[in-house]
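Asker: Position 105 of the sequence shown, counting from 1, maps to 261 under my numbering, and the rest follow consecutively.
Just so it is clear, CB atoms sit at the ideal spot from N, CA and C, and this is done for glycine as well.
Computed from a predicted structure; not experimentally measured.
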Amino acid sequence: MSTKKLITSAQGYLAKSNVFFMDQKTKAIRVYITQEEPEVEDDSAKNYTQDFVTVDVPDSNKPQRITVTSPDMSAIAWQIGDDPGTTNTRLYYADADNTLQELCRDTDKATWYRGSLGNTVRVKCMQDTPIDAHINYSSQQLKVYSYSPENTTTPTVTWTTVNQTNWQSKLIVK
157 MSTKKLITSA QGYLAKSNVF FMDQKTKAIR VYITQEEPEV EDDSAKNYTQ
207 DFVTVDVPDS NKPQRITVTS PDMSAIAWQI GDDPGTTNTR LYYADADNTL
257 QELCRDTDKA TWYRGSLGNT VRVKCMQDTP IDAHINYSSQ QLKVYSYSPE
307 NTTTPTVTWT TVNQTNWQSK LIVK
């Protein structure tokens, strides 16, 4: 089990800054949310709210907290059109089975939901893998980097076209 305390951030729902990290007590993903940083740093100027990242569970009235075994995650966001309030946010992490997972929150959906990576497409990664993600806007590819259990020295890239679900995975070099 990793003892690292890592954070990742991205613009989130309604153009607010989202800072994600693993809660050390519960192992659940927490998020701090704010819009603008105040000019003055004092107690009255702290404008972050905090919450757990949850997803709705079918046939349940109670949302499920997302727990992780490693604190390493990667968040990305992209704006839809010219309105900064229209944002798609993605959070990538490894679950207890060391499978890459994708959580999604879009402007037209007020809650987090599970994405296709980890849900319909499964990619295994080594325990405590570093994770990073970005969008290559030239190719419109969303890329997630991690290490596979079969090769812990060369990163694996898992990618799809933005807003698609046809994920592919390979080592970045042979």
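Using the rule of at least 16 other Cβ atoms within 10 Å of the residue's Cβ for burial, across every protein chain shown, is SER230 buried or exposed?
Answerer: The residue given as residue 230 occupies position 74 in the sequence shown. With 16 or more other Cβ atoms within 10 Å, it is buried.
Asker: Check LEU170 in the structure and name its three-state DSSP category.
Answerer: As a first step, residue 170 is located in the sequence shown; it is residue number 14 there, counting from the start. If DSSP states are grouped into helix, strand and coil, LEU170 belongs with the helices.
Asker: According to DSSP, is SER165 part of a helix, a strand, or is it coil?
Answerer: By 1-based counting over the sequence shown, the position of residue 165 is 9. Note: SER165 maps to strand in three-state DSSP.
Asker: With THR245 as the anchor, note down where its beta strand (DSSP E) starts and where it stops.
Answerer: Here residue 245 corresponds to residue number 89 of the sequence shown, with the count starting at 1. That run of the beta strand (DSSP E) goes 243 to 250.
Asker: Can you check the stretch 204 to 237 for any beta strand (DSSP E) of at least 3 residues that lies completely inside it and give the ranges in chain order?
Answerer: Fully enclosed beta strand (DSSP E) runs of 3 or longer: 205 to 208 and 230 to 235.
Asker: Using the C-alpha atoms, what's the distance from TYR248 back to CYS260?
Answerer: Along the sequence shown, read from residue 1 onward, the residue named residue 260 stands at position 104. Along the sequence shown, read from residue 1 onward, the residue named residue 248 stands at position 92. About 9 Å.
Asker: Quick check on PRO127: does DSSP put it in helix, strand or coil?
Answerer: No answer is possible for residue 127: the residues shown for the chain start at 157 and end at 330.
Asker: Name the DSSP beta bridge partners of ARG261, please?
Answerer: If you number the sequence shown from 1, residue 261 lands on position 105. Partner(s): THR245.
Asker: Relative to the C-alpha of LEU170, which candidate in ASP179, TRP234, THR312 and LEU162 has its C-alpha closest?
Answerer: Counting from 1 along the sequence shown, the entry for residue 170 is found at position 14. Checked all of ASP179, TRP234, THR312 and LEU162; the closest Cα to LEU170 is TRP234.
Asker: From TYR303 to ASP253, what distance separates their C-alpha atoms?
Answerer: Stepping through the sequence shown from its first residue, residue 303 is reached at position 147. Stepping through the sequence shown from its first residue, residue 253 is reached at position 97. Between TYR303 and ASP253, the C-alpha separation is close to 14 Å.
Asker: Between ASN244 and chain C, is the shortest Cβ-Cβ distance under 9 Å, so that the two count as touching?
Answerer: Checking the listed chains, one finds no chain C in this structure; it contains a single protein chain.
Asker: What would DSSP say about TRP268, mapped onto helix, strand or coil?
Answerer: Taking the sequence shown and counting its residues from 1, the one referred to as residue 268 is at position 112. In this structure, TRP268 counts as strand in the three-state DSSP scheme.
Asker: Output needed for THR242: all residues of its chain with C-beta closer than 8 Å, excluding positions within five of it in sequence on either side, in chain order.
Answerer: Within the sequence shown, the letter at position 86 stands for residue 242. Here the set comprises GLN235, ILE236 and THR263.
Asker: Nearest to GLU193 by alpha carbon, out of LEU256, ASP228 and LYS172?
Answerer: Along the sequence shown, read from residue 1 onward, the residue named residue 193 stands at position 37. The option with the nearest alpha carbon to GLU193 is LYS172.
Asker: According to DSSP, is LYS328 part of a helix, a strand, or is it coil?
Answerer: Position 172 of the sequence shown, counted from the first residue, corresponds to residue 328. Lys is not the amino acid found at residue 328; the sequence shown has Ile there. Coil, per DSSP.
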